[in-house]
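Trainee:
There are 2 protein chains.
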Amino acid sequence: MVAQTRTSACSECPIRHRAVCAECGTDDLAVLEMAKSYKTYPAGTRLASEGQPLMHFSSFVAGAATMSRMLEDGRRQTVGLLMASDFIGRPGRAVSAYDVEALSEVTLCRFERRTFETLVKRTPAIAARMLTMTLDELDAARELAVILGRMTAREKVAAFLVSMVRRLALIDGAEVPTDEVTFKLPLSRDQIADHLGLTIETTSRQFTALRKEGLIDLPGGRSVRIPDFQRLTLETGEDDDGGPLD
Amino acid sequence: MVAQTRTSACSECPIRHRAVCAECGTDDLAVLEMAKSYKTYPAGTRLASEGQPLMHFSSFVAGAATMSRMLEDGRRQTVGLLMASDFIGRPGRAVSAYDVEALSEVTLCRFERRTFETLVKRTPAIAARMLTMTLDELDAARELAVILGRMTAREKVAAFLVSMVRRLALIDGAEVPTDEVTFKLPLSRDQIADHLGLTIETTSRQFTALRKEGLIDLPGGRSVRIPDFQRLTLETGEDDDGGPLD
DNA sequence: CGAGCGGTTGATAAGCTTCAAGAAGCGTGG
DNA sequence: CCACGCTTCTTGAAGCTTATCAACCGCTCG
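Sequence order for the protein chains is H and X. Taking the numbering used here as reference, the numbering of the first sequence is continuous, increasing by one, and the terminal residue is 247. Taking the numbering used here as reference, the numbering of the second sequence is continuous, increasing by one, and the terminal residue is 247.
#1: Using a Cβ-Cβ cut-off of less than 7 Å, list which residues of the region 151–183 of chain H approach chain X; keep chain order.
#2: For a test of the three-state rule: what should DSSP assign to residue 2/H, helix, strand or coil?
#3: Listed in chain order, which residues of the region 26–53 of chain X have Cβ atoms closer than 9 Å to some Cβ of chain H?
#4: Going along the chain, which residues of its own chain have a beta-carbon closer than 7 Å to the beta-carbon of residue 168/H, five neighbours each way excluded?
#5: Name, please, each residue of chain H whose Cβ falls closer than 8 Å to the Cβ of residue 140/X.
#6: Applying the criterion that 16 or more other CB atoms from any shown protein chain within 10 Å of the CB defines a buried residue, is residue 222/X buried or exposed?
#7: Which class does residue 25/H belong to by DSSP, given the choice of helix, strand or coil?
#8: Spatial neighbours of residue 295/X within its chain, please: CB distance less than 6 Å, with the 5 preceding and 5 following residues excluded, ordered by chain position.
#9: Taking DSSP's pairing of strands, which residues face residue 218/X in a bridge?
#10: From the DSSP secondary-structure annotation, give me the bridge partner or partners of residue 80/X.
#11: Which ranges would you report for the alpha helix (DSSP H) in the region 126–156 of chain X if only whole runs of at least 4 residues count?
#12: Examine chain X for any beta-carbon lying closer than 7 Å to the beta-carbon of residue 119/H, and answer yes or no.
#13: Give the residues of chain X in contact with residue 240/H, contact being defined as C-beta atoms less than 7 Å apart.
#14: Does the beta-carbon of residue 1/H have 16 or more other beta-carbons within 10 angstroms, so that it is buried, or is it exposed?
#15: Assuming residue 154/X and residue 105/X form a contact by the criterion Cβ under 8 Å, report the distance between their Cβ atoms to the nearest whole angstrom.
#16: Compare the C-alpha of residue 87/H against each of 213/H, 111/H, 60/H and name the closest.
#17: Alpha carbon to alpha carbon, how far is residue 191/X from residue 64/H?
#18: Are there 16 or more other CB atoms within 10 angstroms of the CB of residue 73/H, so buried, or fewer, so exposed?
#19: With residue 109/H and residue 32/H assumed to form a contact (beta carbons below 8 Å), what rounded beta-carbon distance in angstroms separates them?
#20: Listed from N- to C-terminal order along the chain, which residues in the region 185–206 of chain H have their beta-carbon within a distance smaller than 7 Å of any beta-carbon of chain X?
#21: Hey, residue 11/X and residue 34/X: beta-carbon distance below 7 Å or not?
#22: In its own chain, which residues sit with a C-beta less than 8 Å from the C-beta of residue 79/X, not counting the 5 before and 5 after it?
#23: Residue ranges of each beta strand (DSSP E) run of no fewer than 3 residues wholly in the region 80–129 of chain H, ordered along the chain?
#24: Tell me whether residue 204/H sits in a helix, a strand or coil according to DSSP, three-state version.
#25: Which term fits residue 179/X, buried or exposed, when burial requires 16 or more other beta carbons within 10 angstroms of its beta carbon?
Right, here's the structure in full:
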């Protein structure tokens, strides 16, 4: 496993205003600066394994990963996509409950587990931010439950594309598009299938079906062009606009 | 909607050591005591509706409820079962993201939303407990995603019964049984189906199938007897024992 | 006693998976 | 630069699990 360690100022950090540190002032930040270490891992690295010790709490600075669980016989379900500002590790727990695999080169901002537990206890700004982020993750997990439990294959793929666009917009700090968008999927068909509780074949067929109906465009190389984003959201069976509820 | 309001000392409260107040000392508790109000609702009450204002943060003192989301055309997915010590409402959000319906008579310990937001901010013990509970909820939601995405109908029903037994044991403060257990389901077949992403017919057939194989016993009236709990857990396709990971 | 509700069972149909093969993209080396 | 091999993706045909439609049972309650 090739991994590089870098140091960089928190004030320059791309996730400064969205990660667990988002609500910290300069004084809190100085403490974090001392405790953190950046580390970069190549695509495909297993960042955590179910049942194995996980000795760091880490925030994603760049890159993406899947968080998944495997059943006895090899069936796999991805329960979350981790992207910039998301975290792995849980205060008060030394063992990972999921497998985490890097989809691309990933840079983590890491804290030794014990150290982070202390930081959460002593820094109200971190505790508050952790709570908000965890509540957001909870909403995302429940949204996934709705997708997995009640949507058709076609709706699942549409919902996946819609949520992908929304997340990428959030990371870019851009508005969620209303008409045309083009982006590159960080997941293979296989990985999308594991996320949607489908087989790779069904997933591929639904991509093809959406393409044939003009709802999406597949220029090649995992790129997706959505000519009319609003129209695609109608294919998910959900009526809300998915906007913030605060 | 018939609802009664009662007052009772926190020290006497059945969820004193598991709810958001669990980590509070007597001084914090005195503050909560001032702000809280108990309220009891009959079975069937809609405690919250998706998209509607939710002006209280409430903990379940007694009773059970489902938390669900409905798609445009009426398909419903239950994303969580709420039981003693669980909460509804989210600090910083005035609108419910889900429908919440009482399965039995429910007693809530309620705080006016604004008041609770202040309490979380000012009381580290509450903030810390909220985080732990939310992380637990997150694990439960992801576990549900695995069930919905990758399990067969038979495994789903088995997994549901197993998790039900574990939760009831937790609430009773009892050990998770290893052999024989009997309990009463708080949900109808319909509600179980909505929780497992199945139809009522398939759910019923799987109950029958498990009964015919001697894995469960159905004495009538929503009662379930499990002669060999360990054996039932093997039917879920999961290999772990679901025990605490801390 | 009959209506209504929750639950069970049966027959058929639909949607997704499985099995199988071929096409397209991508990196490597001649 | 292109050929080769490997991986990813797509497409087809058949089978199976679950959904749908429909009927019936048993219990409760007026």
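Virtual Cβ for every residue (Gly too), placed ideally from N, Cα, C.
Mentor: In brief:
#1: 151
#2: For the purposes of this step, residue 2/H is taken as residue 1 along the first sequence, with counting starting at 1. Note that residue 2/H scores 44 on pLDDT, short of 50, meaning its location in the model is unreliable; the coordinates nonetheless yield the value given after this. If DSSP states are grouped into helix, strand and coil, residue 2/H belongs with coil.
#3: So the list reads 51, 52, given in the order they occur along the chain.
#4: Numbered from its first residue, the first sequence carries residue 168/H at position 167. If we look at residue 168/H and ignore the five residues flanking it on each side, its Cβ neighbours are 84.
#5: Within the second sequence, residue 140/X is the residue found at index 139, counting from 1. Here the neighbours are 98.
#6: Here residue 222/X is taken as the residue at index 221 of the second sequence, counted from 1. The residue is exposed, with fewer than 16 neighbouring Cβ atoms inside 10 Å.
#7: As a working note, residue 25/H is residue 24 in the first sequence. In the structure shown, residue 25/H sits in coil (DSSP, three-state: anything other than H, G, I, E or B).
#8: The question about residue 295/X has no answer, for chain X in this structure spans 2 to 247.
#9: Residue mapping note: residue 218/X aligns to position 217 of the second sequence, counting from 1. The partner list for residue 218/X (beta bridge, DSSP) reads 226/X.
#10: The sequence position of residue 80/X within the second sequence is 79, counting from 1. Paired residues: none, contrary to the question.
#11: none
#12: In the first sequence, residue 119/H corresponds to position 118, counting from 1. No, no contact with chain X.
#13: On the first sequence, residue 240/H is found 239 positions in, with the first residue counted as 1. Correct list: 73.
#14: Because residue 1/H is not part of the residues shown, which for chain H are 2 to 247, the question remains open.
#15: Locating residue 154/X in the second sequence gives position 153, where the first residue counts as 1. Locating residue 105/X in the second sequence gives position 104, where the first residue counts as 1. Not really, about 26 Å apart at Cβ, beyond 8 Å.
#16: Residue mapping note: residue 87/H aligns to position 86 of the first sequence, counting from 1. Distance from the Cα of residue 87/H is smallest, within the candidate group 213/H, 111/H, 60/H, for 60/H.
#17: As a working note, residue 191/X is residue 190 in the second sequence. As a working note, residue 64/H is residue 63 in the first sequence. Cα to Cα, the separation comes out at about 42 Å.
#18: Along the first sequence, read from residue 1 onward, the residue named residue 73/H stands at position 72. Residue 73/H is exposed by the Cβ-count criterion.
#19: As a first step, residue 109/H is located in the first sequence; it is residue number 108 there, counting from the start. As a first step, residue 32/H is located in the first sequence; it is residue number 31 there, counting from the start. Contact flag wrong, Cβ pair sits at about 19 Å.
#20: 198
#21: Counted from its first residue, the second sequence places residue 11/X at position 10. Counted from its first residue, the second sequence places residue 34/X at position 33. Yes.
#22: Stepping through the second sequence from its first residue, residue 79/X is reached at position 78. 67, 68, 69, 192, 195, 196.
#23: 100–103, 107–113
#24: Your numbering for residue 204/H matches position 203 in the first sequence. The answer is helix: DSSP assigns residue 204/H an H, G or I state.
#25: Along the second sequence, read from residue 1 onward, the residue named residue 179/X stands at position 178. For residue 179/X, the number of other beta carbons within 10 angstroms of its own is below 16, and it is reported as exposed.
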